[in-house]
Structures are given as C-alpha cells and as structure tokens.
Amino acid sequence: MHGREIGNLTKQNQQLFGQRTRIYFECSRANEDLAQLRSECANLRAEKKIWEHKAIQSFFLALDDPDFISCSNEVLGVDHAKQDKLIQLLSDDSVEVLSAALFALGTSLV
104 MHGREIGNLT KQNQQLFGQR TRIYFECSRA NEDLAQLRSE CANLRAEKKI WEHKAIQSFF
164 LALDDPDFIS CSNEVLGVDH AKQDKLIQLL SDDSVEVLSA ALFALGTSLV
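If you count by our numbering, then the sequence shown holds residues 104 to 213, one letter each, in order.
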C-alpha cells in the first residue's frame with residue numbers, strides 16, 4: 104500500500120511538473136509577443152509623430168508662400184478676412200479649435 108501511494112504521488116508530481124513546464128513556455132511566448140507588441144506600438148507612435156510634424160511643417164511652409172495664399176484665394180474664392188481669422192485660430196490652445204482651423208484651411212471649406 105505504501106508503494107502504491109508513492110507511485111501515485113510520483114505520477115501526480117510528474118503531471119504537475121509537465122503542466123508547470125508547459126505554462127512556463129506559454130508565459131515565455133506570451134512575454135515575447137508582448138515585447139514585440141510594445142516595440143511595434145512604440146514604432147507606430149514614432150511614425151505618427153513624424154507624420155504629424157511633417158504635415159504641420161508642410162502646412163506652415165505653404166502658408167508662408169505668398170503665391171499659395173493668393174492662388175488659393177483666386178481659385179477657391181476664399182476671402183482674406185475669413186482666412187485671417189482661421190490663421191489666428193492656429194495659435195489657440197484648444198486642440199479642437201486648432202484641428203478645426205487646420206482642416207478648414209487645408210480643405211478651404213470656409
């Protein structure tokens with residue numbers, strides 16, 4: 104009877120050890136996947152910042168070009184008063200106001 108109990112306990116011990124080993128490898132794979140996701144997320148954030156910087160930089164470069172503004176006014180019929188108001192809104196602290204002004208100036212929906 105004592106030998107049978109030892110055999111059962113040995114079998115249970117082996118099963119638990121096998122489960123622990125599988126869980127260890129699954130956790131290792133999950134950690135690797137998580138590290139890859141973190142890296143990809145950081146890369147996407149960096150790409151987004153670069154894109155935003157380039158978009159805003161291009162927009163302001165276009166605004167500095169006198170031909171762009173006069174050409175836009177002639178072709179699209181945007182009057183100077185509305186355009187000046189929108190340009191003033193670009194210095195607003197509110198992200199919503201800034202976004203709306205950029206959108207309106209960028210698409211000439213004024």
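Note that the Cβ used here is the ideal one computed from N, Cα and C, for glycine as well.
Item to check | Neighbour-count burial assignment, GLU108, 16 or more Cβ in a 10 Å radius | outcome: Residue 108 sits at position 5 when you count from the first residue of the sequence shown. GLU108 should be labelled exposed.
Next on the checklist: Do ALA204 and LEU189 have their beta-carbon atoms positioned less than 9 angstroms apart in this structure?
Outcome noted: As a position in the sequence shown, residue 189 is number 86, starting the count at 1. As a position in the sequence shown, residue 204 is number 101, starting the count at 1. Yes; because the gap between Cβ atoms is below 9 angstroms, this pair is in contact.
Checklist entry - Where does LEU140 land, buried or exposed, given buried means 16+ other C-beta within 10 angstroms? => result As a working mapping, residue 140 is identified with position 37 in the sequence shown. Under the 10 Å beta carbon count, LEU140 is surrounded by fewer than 16 other beta carbons and is classified as exposed.
Checklist entry - Which term fits LEU137, buried or exposed, when burial requires 16 or more other beta carbons within 10 angstroms of its beta carbon? => result Taking the sequence shown and counting its residues from 1, the one referred to as residue 137 is at position 34. LEU137 should be labelled exposed.
Next on the checklist: Using 8 angstroms as the cut-off, can you tell me whether the stretch 190 to 204 makes contact with the stretch 143 to 150, which would need three or more C-beta pairs spanning the two stretches below that distance?
Outcome noted: Under the 8 angstroms Cβ criterion, the stretch 190 to 204 does not count as touching the stretch 143 to 150, having fewer than three qualifying pairs.
Item to check | Spatial neighbours of SER142 in its chain, beta-carbon cut-off 8 angstroms, leaving aside the 5 residues before and after | outcome: Your numbering for residue 142 matches position 39 in the sequence shown. Here the set comprises nothing.
Checklist entry - Does DSSP classify SER131 as helix, strand or coil? => result As a working note, residue 131 is residue 28 in the sequence shown. The answer is helix: DSSP assigns SER131 an H, G or I state.
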